[in-house]
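Numbering of the sequence shown is given in numbering that gives the first Met the number 0, commencing with residue 0 and proceeding in unit increments.
Ideal placement from N, C-alpha and C gives every residue a C-beta, glycine not left out.
Quick caveat: nothing in here was measured; it's all calculated off a predicted structure.
All remarks here apply to the structure that follows.
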Amino acid sequence: MKTSPCIDSAQTSVLVVDDHRVLADAIGMAINGQPDMHCVGTAHNAAQARALAAYWRPEVIMMDVRLGHDDGVELAAELIRGAPNVRVIVLTAFIDQALLNRALNAGACALLPKDGSLEQILGALRSSTRGGFDIDPTVLRTLARSRGDRHGDPVPRLTPREADVLRSLSDGADAVMIAKELGISVLTCRGYVKTLLRKLHAHSQLEAVVTANRLGLISPTKHG
């Protein structure tokens, strides 16, 4: 467990939780090399993470899914319950729909692959303050492949406004953010989301984005 006492209030405070010490230290060093963020410490298990989170109260936590005998997603949910304003980014080497759903239900703001670049991690840390849920394009591609080929599925016809809402959903925006961006009411926006779920036979916004990506309705390059 490492901590850093040098905190600038103008910088975003970040706690890194990963049982891989070399990786945790590398991420921490990369964060400290940025002018707009600061790593307050690195934790390698749940106990250390709880202690550092309680002491430093970081704005963002980078959380590994597997922490030895501990579950990072469960720990994320616990820390969010104790500090509702904290943003948690889940980092994982194994991506599937179940993990994506668990991360979303835990209150995480992003799910990133462990084999991604430091630039991806730093970008997610910066965008985490905007709300919503950040879906890395490689996550979408992995989920689409895991569902198998379903080229026989009909591609639904979307209105231009529905397409606008879908693109914003794929960028991690919520109904309030989308409504403001498009100049419509939140109620109207939620109506579009409901229609998208029906057209894409999806039970959640994340499933709608994954399905739309597989059907070619969203370019993967628009994520991230």
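Original post:
Is the beta carbon of residue 13 sitting closer than 8 Å to the one on residue 61?
Top reply: Taking 8 Å as the cut-off, the Cβ atoms of residue 13 and residue 61 count as close.
**OP:** Return the CA-CA distance between residue 19 and residue 82, expressed in angstroms with no decimal places.
**Re:** Distance between the alpha carbons of residue 19 and residue 82: 25 Å.
Original post:
DSSP state of residue 176, grouped into three classes?
Top reply: Three-state result, residue 176: helix.
**OP:** Pick out whichever of 204, 94, 56 and 191 has its Cα sitting closest to the Cα of residue 37.
**Re:** Comparing C-alpha distances from residue 37 to each of 204, 94, 56 and 191 shows the shortest one belongs to 56.
Subject >> Rounded C-alpha distance that separates residue 43 from residue 111 >> reply: For residue 43 and residue 111, the distance between alpha carbons rounds to 18 Å.
Subject >> Spatial distance of residue 164 from residue 117 (CA atoms) >> reply: Residue 164 and residue 117 have their C-alpha atoms roughly 29 Å apart.
Original post:
Over what stretch of residues does the alpha helix (DSSP H) that includes residue 122 continue unbroken?
Top reply: Its alpha helix (DSSP H) spans residues 117-126.
Subject >> residue 203 classed as buried or exposed, judged by whether at least 16 other C-beta atoms fall within 10 angstroms >> reply: Classification for residue 203: exposed.
Original post:
Just to confirm, are residue 138 and residue 94 a CB contact at a threshold of 8 Å?
Top reply: Going by beta carbons, residue 138 and residue 94 fall inside the 8 Å limit.
**OP:** Whole angstroms is fine: what's the gap from residue 11's alpha carbon to residue 33's?
**Re:** Residue 11 and residue 33: Cα-Cα distance of roughly 10 Å.
Subject >> Closest residue to residue 25 among 113, 183 and 71 (Cα-Cα distance) >> reply: It is 113.
Subject >> Where residue 65 sits in the DSSP three-state scheme >> reply: For residue 65, the three-state secondary structure derived from DSSP is strand.
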